[in-house]
Amino acid sequence: DTGVSQDPRHKITKRGQNVTFRCDPISEHNRLYWYRQTLGQGPEFLTYFQNEAQLEKSRLLSDRFSAERPKGSFSTLEIQRTEQGDSAMYLCASSYRDGTEAFFGQGTRLTVV
Amino acid sequence: SQQGEEDPQALSIQEGENATMNCSYKTSINNLQWYRQNSGRGLVHLILIRSNEREKHSGRLRVTLDTSKKSSSLLITASRAADTASYFCATDDNYGQNFVFGPGTRLSVLP
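Here the protein sequences come in this chain order: A and B.
Start counting the first sequence at 33; every next residue gets the next number (this note's numbering).
Start counting the second sequence at -8; every next residue gets the next number (this note's numbering).
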């Protein structure tokens, strides 16, 4: 296992379409986080999972966003009816437990046209 | 929610010089992490320092933490052009559940 992997790396979609991103965390990590990052800014927290349970969601996560982590392994982040303001880098991270290092994937860059 | 704020926003130095970046935060933390991000790429974890630690080293990196001042610093010694990147500090939130990032320091190391 070489780290957190995200797929796809880039996604261009038309406004109004739905998109889904996948994150595969480091295998022994039970915490998984989603962040969003726009150009020139730091990452902003979206949501996190402890195993399969989604324990916290940011107010940034509107009703158009949904995240799942079935069986506590990989996670998906879906954005429905995409808007131009959704254009950003979506980052996934995982950690073994609370208070340990969080390791990030390379991100999925979403462009909504 | 608490947030790390890095200072300066941008830093430009010559190769071989030392680079120091600072991070300030608002409320008590359990730990603080520093990350590096090359343009358009994911974040690379550098160091985690816990609230009961004052200093940690990793290669050319030195991190200090002053909980009384609610601040941390990242020192990169003998900088290289490859160190050019954005550097972020991340603090755990009030519940220790997720990480809150500052806007970052953009470091340019000139050859």
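Using N, Cα and C, we set each Cβ at its ideal position, and we do this for glycine too.
- Bridge partners of Q116(A) according to DSSP: none are assigned.
- Under DSSP, Y80(A) forms a beta bridge with Y65(A) and E88(A).
- For R96(A), there is no enclosing beta strand (DSSP E), as DSSP gives it neither H nor E.
- For L123(A), the residues of chain B that pass the 9 Å Cβ criterion are G33 and L34, in the order they occur in the chain.
- Of all C-beta pairs linking the stretch 68 to 87 of chain A to the stretch 108 to 128 of chain A, three or more are shorter than 8 Å, placing the two stretches in contact.
- Close to L39(B), with beta-carbon spacing below 7 Å, are these residues of chain A in chain order: E133.
- In this structure, H61(A) keeps its C-beta atom at 8 Å or more from the C-beta atom of S105(A).
- Counting C-beta pairs with one atom in each stretch, the stretch 36 to 48 of chain A and the stretch 82 to 94 of chain A have fewer than three that are closer than 8 Å, which means they do not touch.
- For N21(B), the CB contacts under 8 Å within the same chain, skipping 5 residues up- and downstream, are R41, S42, D83 and G87 in chain order.
- If only uninterrupted beta strand (DSSP E) runs of at least 3 residues are considered, those enclosed by the stretch 44 to 88 of chain B are 46 to 49, 52 to 57, 62 to 67 and 76 to 83.
- Residue pairing by DSSP puts D39(A) in a beta bridge opposite R54(A).
- For a Cβ distance threshold of 8 Å, residue set Y65, F77, Y80 and E88 of chain A lies close to N89(B), ordered along the chain.
- For R47(A), DSSP assigns no beta-bridge partner whatsoever.
- Nearest to T45(A) by alpha-carbon distance, out of L109(A), L87(A) and R113(A), is R113(A).
- With respect to T68(B), V100(B) sits apart: the two C-beta atoms are not nearer than 8 Å.
- Only residues of its own chain outside the window of five on either side were considered, and among them E6 and V100 have a CB closer than 7 Å to the CB of R71(B), listed in chain order.
- Note that the C-beta distance between N9(B) and D(-2)(B) is not below 8 Å.
- With respect to chain B, the C-beta atom of G104(A) has no partner C-beta closer than 8 Å.
- A distance below 8 Å between beta-carbons, with the five flanking residues on each side excluded, links T58(B) to the following residues of its chain, in chain order: S19, I20 and S42.
- Excluding residues up to 5 positions away in sequence, I38, I40 and V54 lie with their Cβ nearer than 7 Å to the Cβ of K47(B) in the same chain.
- Within chain A, no C-beta atom comes less than 7 Å from the C-beta of N13(B); the nearest is roughly 15 Å away.
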